[in-house]
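For the sequence shown, the residue numbers in my numbering are 9 to 145.
Cβ atoms here follow ideal geometry from the backbone N, Cα and C, with glycine treated the same way.
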Amino acid sequence: MTNSRHRKPFVSAHHAKRDRYVAVLKQHTESHSKVTTVVLATPDGFEVAAVHYQGEPRSAQFAAMAGSLIAVARAASREVGHEGCDGLIVESPNGKLLIRPVGKGDGLLLCMVLAPGMLLGAALWAADEIGKAISLI
9 MTNSRHRKPF VSAHHAKRDR YVAVLKQHTE SHSKVTTVVL ATPDGFEVAA
59 VHYQGEPRSA QFAAMAGSLI AVARAASREV GHEGCDGLIV ESPNGKLLIR
109 PVGKGDGLLL CMVLAPGMLL GAALWAADEI GKAISLI
């Protein structure tokens, strides 16, 4: 668990970059009409930046769940002998949820809410582009 004294500069550093993060999220998702929400979160579940295109903005709740979901996915990967976890995709009749680590160091989690009909390949490509851009900030 992260000591709160060390956590504050980490979160503050990301919040200082919020506008740049939002610009990257928009640049790589606004042309996709089926992307409803995009969130960057800390691994321990705090929202750093978010863009909402459709639906009720629930990015704080999404950010809070993302770290736990990735942790479960990593545990499942280890259980079957796979190393690491590059991301998690949750599919439902109402769309898809994509979560993947991005950035450097402690990194961030990219969380995308996708409406039905969004091509998974296009979402993964956008996520890769966002990851590359976030790593440069």
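Put simply, the backbone Cα of Gly89 is about 17 Å away from that of Leu96. Following the DSSP letters along the chain, one finds Leu117 in no alpha helix (DSSP H) but inside the beta strand (DSSP E) bounded by residues Leu116 to Leu122.
Contact check for His36 against Glu99 fails: the beta carbons are separated by 8 Å or more. Around the beta-carbon of Ile145, fewer than 16 other beta-carbon atoms lie within 10 Å, marking it exposed. With a cut-off of 8 Å on Cβ pairs, the segment 23-40 is in contact with the segment 54-68, counting three or more such pairs. Restricting attention to Asp94, Cys93, Gly139 and Trp133, the CA atom closest to the CA of Lys112 is found in Gly139. Counting along the chain, no beta strand (DSSP E) covers Gly75; the unbroken alpha helix (DSSP H) around it starts and ends at Ser67 to Glu87. Rounded to the nearest angstrom, the Cβ distance from Leu48 to Leu106 is 13 Å, too far for a contact under 8 Å. Note on geometry: alpha-carbon atoms of Arg66 and Leu33 lie some 16 Å from one another. Beta-bridge partners of Ser100 (DSSP): Gly103. Counting only residues of its own chain and dropping the five nearest sequence neighbours on each side, Gly103 has a CB closer than 6 Å to the CB of Leu122, Ala123 and Pro124.
Under the criterion of beta carbons closer than 8 Å, Ala83 and Gly53 do not qualify as touching, at roughly 17 Å.
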